[in-house]
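Undergrad: Using my numbering, read the sequence shown as starting at 2 and increasing by one per residue.
The structure is given below, and queries will be raised subsequently.
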Amino acid sequence: MRALIGRTDGACRGNPGPASIGVALYDASRDGADHPSAQPDATISAAIGTTTNNVAEWKAVISAIELAAELGASELQLFLDSKLVVEQLNGRWRVRDAKLAPLCDEARARLTRFAVWSAAHVPREENHQADALANEGLDRALRGGPAWVVRRPDDVARSRGASLPDGLASDDGGSSGSATRLTLLGTGASRGVPRVGCRCEVCISKDVRNQRLRSSLLMEWRDAATATSRAVIIDPGMDLRQQAMRSGITRLDGALITHIHVDHTGGIDELRAYTDAQEEVLDVGAGPETCAELLRRWEYAFDGRTAPGHGIPSLRLMEAVPHVQLGGRAFEAIPLIHGRRPAHGWRSGAVAYLTDVSAVSPASRERLLGLDTLIVSALRDLPHPTHQTVEEALALIAALGPRLAILTHLDHDLDYQELSARLPDGVLAGFDGLVVEVAAR
Ligand SMILES: [Zn+2]
Ligand SMILES: [Zn+2]
Ligand SMILES: [Zn+2]
């Protein structure tokens, strides 16, 4: 089983003051892994809001434990430069500060999941990597960047092991050999269909497949390693509440964002339904530019000041570089062109979701080969500055060659039956509530 070495540090400008944590994890089986300058296998660099240095030290330890557990470690050796925290973690010194006692309890409780663990004090100069990560996080956040950056190299993600199916382990990680269920929660363009006040043929149509909420996708799979169901939503949009009720989404393991437009992010605040009920922080993955913008618009949800369960979405921003890990599954952010705005599609295993795209670069196309199922936007037939037409979407599908493609982000120009009738074999017009099962490969 995997043994990890963890180096942690907390940083604070003023005490209390803006604070951050740094965590570096090393595969202990690698030669020289215990050297203070060894290359880490996974890192966390995160701003945690205003607090004291001791709180930051404890939060760093807890985050290291969390990440080590997620990476499947059975042994963890911690090294940190706070003698106080080391002695308290080992139970040799009592925690007198009422603010710190629960953090110590939490860390010690979480450590019991490891077959073997230890915590040792090292001089500051041997802890320079964790210290640098903490300061990097603070500087980044003070400049307006994302609060959390967690790096999990592919080799670490893959070595989670046996549980990854072959087809997924070879590229970007995935579910535990089980099928993936895709539910199209919404398939409409930014205004939805029908549009408010519009009397066009599609908007007044009685065909429910012409009634489209804002585009969003639910991915569900079964994690064989833990025998639990996992669920991730791509684009918690303006209709999230209605979609969650309609599709019975009772829990989430995380959310992914394609780009900042409000039809794709307007449900961020609704995620509190899950952080409240689950009493846990929910990971939200996005590309770098989108992370910065999310932080600006929903700072209160990402600043880590409110514990989950207190009526405010308690979210942790995960910058995709280019992967993020949600519910034990890797998702790769694929850069897309959406007019003049950056957007990302998401690929996980043999499934990809590309919405709001006007063009896909050759480099991104290469990362989209070998798909089983591709969900891709097609706004209408008339050209649009920021969206593909149906014809352009079909050309992209032909170039990428997935087994199945489904069109989404459809505007009121497109009637479901008329569109379906002219699509080639292997391409479906999407509609709200459509469920597709993608077999494990
Ligand atoms: Zn959109
Ligand atoms: Zn209309
Ligand atoms: Zn958009």
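Heads up, the beta-carbon is just placed ideally off N, CA and C, and yes, glycines get one too.
Being a predicted model, the structure only gives us computed values, none of them experimental.
#1: Determine the DSSP secondary structure at Val209, reduced to helix, strand or coil.
#2: Tell me the residue span of the alpha helix (DSSP H) that contains Pro363.
#3: Determine which residues share a DSSP beta bridge with Glu320 and list them.
#4: Going by DSSP, what residue range makes up the alpha helix (DSSP H) through Thr266?
#5: Report the residue ranges of all alpha helix (DSSP H) runs contained in full by the segment 53-135; include only those spanning at least 4 residues, in chain order.
#6: Got a sec? Which residues, its chain only, sit under 6 Å from Ile261 by beta carbon, not counting five neighbours each side?
#7: For ligand 2, is there any heavy atom lying closer than 6 Å to the beta carbon of His413?
#8: Any residue with its Cβ nearer than 7 Å to a heavy atom of ligand 1 should be included. What is that list in chain order?
#9: Cα separation between Glu271 and Val285?
#10: May I have the straight-line CA-CA distance separating Ser248 from Val377, to the nearest angstrom?
#11: Given Arg231, which residues of its chain have a CB within under 6 Å of its CB, disregarding the five upstream and five downstream residues?
#12: If you check the beta carbons only, do Thr374 and Leu405 fall under 7 Å apart?
#13: Sorted by chain position, which residues of the same chain lie with C-beta nearer than 7 Å to Arg273's C-beta, five sequence neighbours on each side aside?
#14: Using CA coordinates, which residue listed in Asp42, Ala39, Pro41 and Glu58 is at the minimum distance from Asp48?
#15: Alpha carbon to alpha carbon, how far is Thr387 from Ala394?
#16: State buried or exposed for Glu202, treating a residue as buried only when at least 16 other CB atoms are found within 10 Å of its CB.
#17: Per DSSP, Glu1 is paired with what?
#18: For Gly198 versus Leu214, is the C-beta distance shorter than 7 Å?
#19: Alpha carbon to alpha carbon, how far is Ser421 from Ala353? Give it in angstroms, no decimals.
#20: Please state the DSSP three-state secondary structure of Ile45.
#21: With hydrogens ignored, establish whether the beta-carbon of Arg153 is closer than 6 Å to any heavy atom of ligand 2.
#22: Using the three-state DSSP reduction, which class does Phe332 fall into: helix, strand or coil?
#23: Spatial neighbours of Gln418 within its chain, please: CB distance less than 6 Å, with the 5 preceding and 5 following residues excluded, ordered by chain position.
#24: Distance, Cα to Cα, Pro323 vs Arg97?
#25: Between Gly138 and Ser64, which are expected to be in contact by the criterion C-beta below 8 Å, what is the C-beta distance as a whole number of angstroms?
#26: Using a Cβ-Cβ cutoff of less than 6 Å, which residues in the same chain neighbour Ala256 once the five nearest sequence positions on both sides are dropped?
#27: Secondary structure at Ile234, three-state DSSP: helix, strand or coil?
#28: State the DSSP-derived secondary structure class of Glu281, mapped to helix, strand or coil.
#29: Does at least one heavy atom of ligand 2 sit under 6 Å from the Cβ of Arg196?
#30: Below 8 Å, how does it come out for the segment 297-307 and the segment 332-349: are there three or more Cβ pairs, yes or no?
#31: According to the neighbour-count rule (16 or more other Cβ atoms, all chains shown, within 10 Å of its Cβ), is Ser217 buried or exposed?
#32: Rounded to whole angstroms, what is the Cα-Cα separation between Arg159 and Asp208?
#33: Which same chain residues end up closer than 8 Å to Pro363 when comparing Cβ atoms and leaving out the 5 residues on each side of it in sequence?
#34: Would you list the residues sitting across from Gly11 in a DSSP beta bridge?
#35: Among Leu316, Thr259, Gly267 and Met239, which has the Cα closest to the Cα of Leu275?
#36: Which residue comes first and which comes last in the beta strand (DSSP E) that contains Glu221?
TA: On the basis of the data shown:
#1: helix
#2: Pro363: member of the alpha helix (DSSP H) spanning Pro363 to Glu367, first to last residue.
#3: In the DSSP secondary-structure assignment, Glu320 is bridged to Ala287.
#4: Counting along the chain, the unbroken alpha helix (DSSP H) around Thr266 starts and ends at Val263 to Thr266.
#5: 54-71, 84-90 and 102-112
#6: Thr291 and Glu294
#7: yes
#8: Ala190, Ser191, Ser216, His262, Asp264, His265, Thr356, Asp357 and His410
#9: 13 Å
#10: 21 Å
#11: Trp222, Asp224, Asp254 and Gly328
#12: yes
#13: Answer for Arg273: Gly312, Ile313 and Pro314, listed in chain order.
#14: Correcting the residue type first, residue 48 is Ala in the shown sequence and not Asp. With distances taken between Cα atoms, Ala48 lies closest to Glu58.
#15: 13 Å
#16: exposed
#17: The question about residue 1 has no answer here: the residues shown for the chain are numbered 2 through 442.
#18: No; because the gap between Cβ atoms is not below 7 Å, this pair is not in contact.
#19: 21 Å
#20: strand
#21: no
#22: strand
#23: none
#24: Those two C-alpha atoms are separated by around 43 Å.
#25: Not quite, the Cβ-Cβ distance comes to about 11 Å (not below 8 Å), so this is no contact.
#26: Ile234, Pro237 and Val285
#27: Looking at Ile234 - three-state DSSP - the assignment turns out to be strand.
#28: DSSP places Glu281 in coil when its eight states are reduced to three.
#29: Yes, the beta carbon of Arg196 sits closer than 6 Å to at least one heavy atom of ligand 2.
#30: no
#31: Under a 10 Å Cβ-count criterion, Ser217 is classified as buried, with 16 or more other Cβ atoms of the shown protein chains found around its own Cβ.
#32: Confidence is the limiting factor: at Arg159 the pLDDT is only 37, short of 50, which leaves the residue's position unreliable and the question unanswerable from this model.
#33: Around Pro363: no qualifying Cβ.
#34: Ile22
#35: It is Tyr, not Leu, that sits at residue 275 in the sequence shown. Measuring from the Cα of Tyr275, the nearest candidate turns out to be Leu316.
#36: Here the beta strand (DSSP E) through Glu221 covers Ser217 to Asp224.
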